[in-house]
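> Let me give you the structure first, and then I'll get to my questions.
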Amino acid sequence: MQSKQSIHGSWANRWIFILAATGSAVGLGNIWKFPYITGENGGGAFVLVYLFCILLVGIPIMMGEILVGRRARQSPINAVRETAAESGLNQNWSLIGWLGVLAGYIIFSFYSVVAGWVLHYIAGMGTGQFVDISSDLAGERFGDLLASPEQMLMWHTLFVLMVVGVVAGGVNKGLERATKIMMPALFALLLVLLGYSVNTGSFAEGWSFLFSFNLEALTWDAVLVALGHAFFTLSIGMGAIMAYGSYMGKKDSIGVTVLTIGVLDTLVALVAGLAIFPVVFANQMDPGAGPGLMFITLPVAFGQMPGGQVFGFLFFLLVGVAAWTSAISLLEPATAWVVERFGLKRLPAALLLGSIIWLMGIASLLSFNHWDDIKILSMNIFDFLDFITANIMLPLSGLMIAIYSGWALNKRITQDELALNSPFFYSAWSVVIRFVAPVAVMIIFVVNLYEKLA
Ligand code: PHE
Ligand code: NA
48 MQSKQSIHGS WANRWIFILA ATGSAVGLGN IWKFPYITGE NGGGAFVLVY LFCILLVGIP
108 IMMGEILVGR RARQSPINAV RETAAESGLN QNWSLIGWLG VLAGYIIFSF YSVVAGWVLH
168 YIAGMGTGQF VDISSDLAGE RFGDLLASPE QMLMWHTLFV LMVVGVVAGG VNKGLERATK
228 IMMPALFALL LVLLGYSVNT GSFAEGWSFL FSFNLEALTW DAVLVALGHA FFTLSIGMGA
288 IMAYGSYMGK KDSIGVTVLT IGVLDTLVAL VAGLAIFPVV FANQMDPGAG PGLMFITLPV
348 AFGQMPGGQV FGFLFFLLVG VAAWTSAISL LEPATAWVVE RFGLKRLPAA LLLGSIIWLM
408 GIASLLSFNH WDDIKILSMN IFDFLDFITA NIMLPLSGLM IAIYSGWALN KRITQDELAL
468 NSPFFYSAWS VVIRFVAPVA VMIIFVVNLY EKLA
């Protein structure tokens, strides 16, 4: 019997899949968000909790997500529906797919705004606008960008078009081709930047900021942020990785692949931290500067250093590439679904969905200027969308995937897909996905709720 194939195509080989999934995982989360939330949450202790979340919650749930996608070889909504049917379960489980697609949409809408800033900085660095810039002036420049909906709209539009362009090409001519060019470039750029930061003279300071674990400084709030970020950074809980898994080869080991992706994503986040913090410290700046860390602190730092122009430009180029490959995976699941459901071609499907995201993104970019007085739970629209997706929706949908793949799905399916060659590994995965991961997510949720109400 020939094994089932996706109508969208499949990855040429195992490495392409690993690189594509790593392209999804490695993004603004690693280079923009991880350093600034680590800075805000005091460094080492936060990193330690984050590493635990990756290992005990993220990796096992990612395995669950991929196995569902590969089993059904369809877009997430249909994949959950089909595996549920195969296990004799209620069709309502496909709500998991819907929650994921919704989260993906919301994430894309603000992700694209930040990616737009990155494009703006690539242009700015490339034309030497940050040479010898002062802190105040850099802050002002970033402020000017945020104050200008027109500028942000232009970059946001360009970014959405770049993503639609690739997704419209399909799995082989779009996603796979982009992966082959962009991922090697990404790793090369990262290494160049690491080399640069090792020579700043403050490498040791950056290192100890990331790795000196002082657990007393840790709050429950920080633990929730670490958990949410573990989901966000691995691209789990929203169908991206499930969709990519549906194009994966039948014989490839899900466990080994997921471990590789998890290690690569974590390495990139840590290396990004090691590339950024020494530069910050070398210029006596504040690591806890928040979202502006990358857009204010870094340009100043680069602007003052020998060769800073070139390396600053390369740095933003790296971030741009990383954001691009991630956003592609945000658009893919819904596009595949529209193709399956309505029989549309890739191009109109991607354009249609891209337009909706483009419209939603406008709310985010207006929240920095005309709409900055609109507050939800005392956050502006942009912060609120980031908060509900990363800290609520992704963990919730991850929890549902854990319950679905660990408890609900027929054991025959999970055993067959994971094909772990020792019974020990399968039992280990079972225990973690059934107990450890869900309990961890629930405890962190409940404690935070309690702290907020108390
Ligand atoms: N993992 C990406 C990052 O770290 C973000 C992302 C989340 C991409 C969910 C796809 C799906 O930036
Ligand atoms: Na990531």
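Per our numbering, the very first residue in the sequence shown carries number 48; after that it's consecutive. Heads up, the beta-carbon is just placed ideally off N, CA and C, and yes, glycines get one too.
Given a cut-off of 9 Å on the beta-carbon distance, is the pair LEU400 and THR382 in contact?
Contact flag set, yes.
> Taking the alpha helix (DSSP H) that PRO346 belongs to, which residues open and close that run?
344-351
> Taking one C-beta from the stretch 225-238 and one from the stretch 53-68 each time, how about it: are there three or more such pairs within less than 8 Å?
yes
> Around the C-beta of LEU262, are 16 or more other C-beta atoms found within 10 angstroms, so that it is buried, or is it exposed?
exposed
> Could I get the ranges of all uninterrupted alpha helix (DSSP H) runs contained in the stretch 199-252, with 4 residues as the minimum, in chain order?
224-245
> Would the beta-carbon of PHE471 be found less than 8 Å away from any heavy atom of the ligand ZN?
Absence of the ligand ZN is noted for the structure shown, with the ligand PHE and the ligand NA being the only ligands found.
> Cβ of ASN88 within 8 Å of any heavy atom in the ligand NA?
no
> When you measure from the CB of GLY320 to every non-hydrogen atom of the ligand NA, does any distance come out below 8 Å?
no
> What are the start and end residues of each continuous alpha helix (DSSP H) run of 4 or more residues lying completely inside the stretch 239-327, in chain order?
250-258, 267-280, 287-292
> Given that a residue counts as buried once 16 or more other Cβ atoms are within 10 Å of its Cβ, and exposed if not, what is HIS417?
exposed
> Taking a contact to mean a Cβ-Cβ separation below 9 Å, would you say ARG117 touches GLU464 in this structure?
yes
> By the 10 Å Cβ neighbour count, where 16 or more other Cβ atoms means buried, how is MET270 classified, buried or exposed?
Looking at the sequence itself, residue 270 is Val, so the reference to Met does not match. With 16 or more other Cβ atoms within 10 Å, it is buried.
> Rounded to a whole number of angstroms, what is the C-alpha to C-alpha distance between LEU314 and MET201?
Taken atom to atom, the span from the alpha-carbon of LEU314 to that of MET201 is near 33 Å.
> When you compare each of ALA72, LEU240, PHE99 to PHE360 by their alpha carbons, which one comes out closest?
LEU240
> According to DSSP, is LEU500 part of a helix, a strand, or is it coil?
helix
> Mark ALA194 as exposed unless 16 or more other C-beta atoms lie within 10 angstroms of its C-beta, in which case mark it buried.
exposed
> Is there contact here, the stretch 270-288 with the stretch 326-346, by at least three beta-carbon pairs under 8 Å?
no
> CB-CB under 8 Å to GLY408, same chain, minus the five flanking residues each way: which ones, in chain order?
PHE155, SER156, PHE157, SER159, VAL160, HIS203, VAL207
> Can you tell me whether ILE423 is helix, strand or coil according to DSSP?
In the three-state reduction of the DSSP assignment, ILE423 falls in the strand class.
> With burial defined as no fewer than 16 other Cβ atoms inside 10 Å of the residue's Cβ, what is the status of ARG459: buried or exposed?
exposed
> Consult DSSP for TRP454 and reduce its assignment to one of helix, strand or coil.
helix
> Can you find at least 3 beta carbon pairs, one from the stretch 238-254 and one from the stretch 80-98, that sit closer than 8 Å?
no
> Going by CA-CA distance only, name the one from LEU413, GLY367, ALA119 that's closest to MET209.
GLY367
> Relative to the C-alpha of PHE389, which candidate in VAL211, ALA68, ASN125, GLY76 has its C-alpha closest?
ASN125
> Note down the Cα distance separating LEU500 from TRP267, rounded to an integer number of angstroms.
13 Å
> Go ahead and pull the three-state DSSP assignment for GLN49.
No answer about GLN49 holds up, because its pLDDT of 46 lies below 50 and its placement is not dependable.
> Relative to the ligand PHE, is the shortest distance from any of its heavy atoms to the C-beta of LEU281 smaller than 8 Å?
Within the cutoff, so yes.
> Under a Cβ-count criterion, where at least 16 other Cβ atoms within 10 Å of its own Cβ denotes burial, should ILE491 be classed as buried or exposed?
It counts as buried.
> So what does DSSP say about TRP164, is it helix, strand or coil?
helix
> Is there at least one non-hydrogen atom of the ligand PHE closer than 8 Å to the beta-carbon of ALA383?
No, since every heavy atom of the ligand PHE falls outside the 8 Å radius drawn around the Cβ of ALA383.
> Would you mind stating whether VAL347 and ALA92 have Cβ atoms separated by less than 9 Å?
no
> Looking at LYS298 and the ligand PHE, is the gap between the Cβ and the nearest heavy atom below 8 Å?
no
> Secondary structure at LEU412, three-state DSSP: helix, strand or coil?
helix
> Whose C-beta lies closer than 7 Å to the C-beta of ALA290 among residues of the same chain, with five residues either side of it excluded?
GLY116, SER122, PRO123, GLU379, PRO380, ALA383
> Express the C-alpha separation of TYR451 and TRP476 in angstroms, rounding to a whole number.
For TRP476 and TYR451, the gap between their C-alpha atoms comes out near 14 Å.
> Give me the Cα-Cα distance between ILE108 and PHE342, rounded to the nearest whole angstrom.
Approximately 33 Å between the Cα atoms of the pair.
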